[in-house]
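Here the sequence shown stands for residues 0 to 124, where the numbers follow numbering that gives the first Met the number 0.
The beta carbon of each residue, even a glycine, is placed where N, CA and C say it ideally should be.
From a predicted model like this one, the values you see are computed outputs, not experimental measurements.
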Amino acid sequence: MNLVDSCGWLEYFANGPNANFFAPAIEDVRTLIVPSIALFEVFKRIAHQRGEEHAMEAIALMHQGAVVGLDAGTAILAARISLELKLPLADSVILASARSHGAVVWTQDADFEGVDGVKYIARQP
């Protein structure tokens, strides 16, 4: 199973320098899980930059994977991860969601560098 962090989705949608890194995980929708917090972050950023219509198109593509919400168990796991790794809220929820579903996190967020269960690539300028 794969989970692409919000920054990975945004990189993919913008066809940025690391888009090809995220493509295999995003395009294999059979093994893709999408945490609801990623929907929030991607919608907000794209709506702000390009308008709500573009944001809705992105969200529709994200829904090709299995969207997972934040349940009580995942919330507690996220809090533990946040305390242990000193990650911010959204990053903790992303990692907890991945671990709860046996998924690998794909990201270019430096907060995840060196974390078990994460495929990390440095953000390109």
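Could you say which of the options lies nearest to residue i if we only look at CA atoms?
i           : options             : result
residue 34  : 110, 116, 124 and 8 : 8
residue 56  : 23, 82, 38 and 28   : 38
residue 40  : 25, 78 and 61       : 61
residue 91  : 123, 97, 81 and 51  : 81
residue 31  : 104, 87, 71 and 84  : 104
residue 123 : 3, 4, 20 and 2      : 20
residue 5   : 51, 116, 93 and 22  : 93
residue 10  : 116, 108 and 113    : 108
residue 66  : 78, 85 and 25       : 25
residue 84  : 110, 51, 120 and 50 : 110
In terms of residues, what are the limits of the alpha helix (DSSP H) holding residue i?
i          : result
residue 23 : 18 to 26
residue 93 : 88 to 99
residue 12 : 5 to 12
Here's a check: name, in chain order, each residue in its chain whose Cβ is nearer than 7 Å to the Cβ of residue i, leaving out the five neighbours to either side.
i           : result
residue 54  : 42, 45 and 46
residue 101 : 0
residue 18  : 10 and 11
Apart from the five residues on each side of it in sequence, which residues of its chain come closer than 6 Å, Cβ to Cβ, to residue i?
i          : result
residue 12 : 57
residue 63 : 28
residue 2  : 32, 97, 102 and 104
For the beta strand (DSSP E) holding residue i, just list the boundary residues, first then last.
i           : result
residue 106 : 103 to 106
residue 33  : 31 to 34
residue 117 : 117 to 119
Requested in this report: Could you tell me which uninterrupted alpha helix (DSSP H) segments, each at least 4 residues in length, are contained entirely in the segment 42 to 85, listed from first to last along the chain?
Outcome: Entirely contained in the segment 42 to 85, the alpha helix (DSSP H) runs reaching 4 residues are, in chain order, 51 to 61 and 71 to 84.
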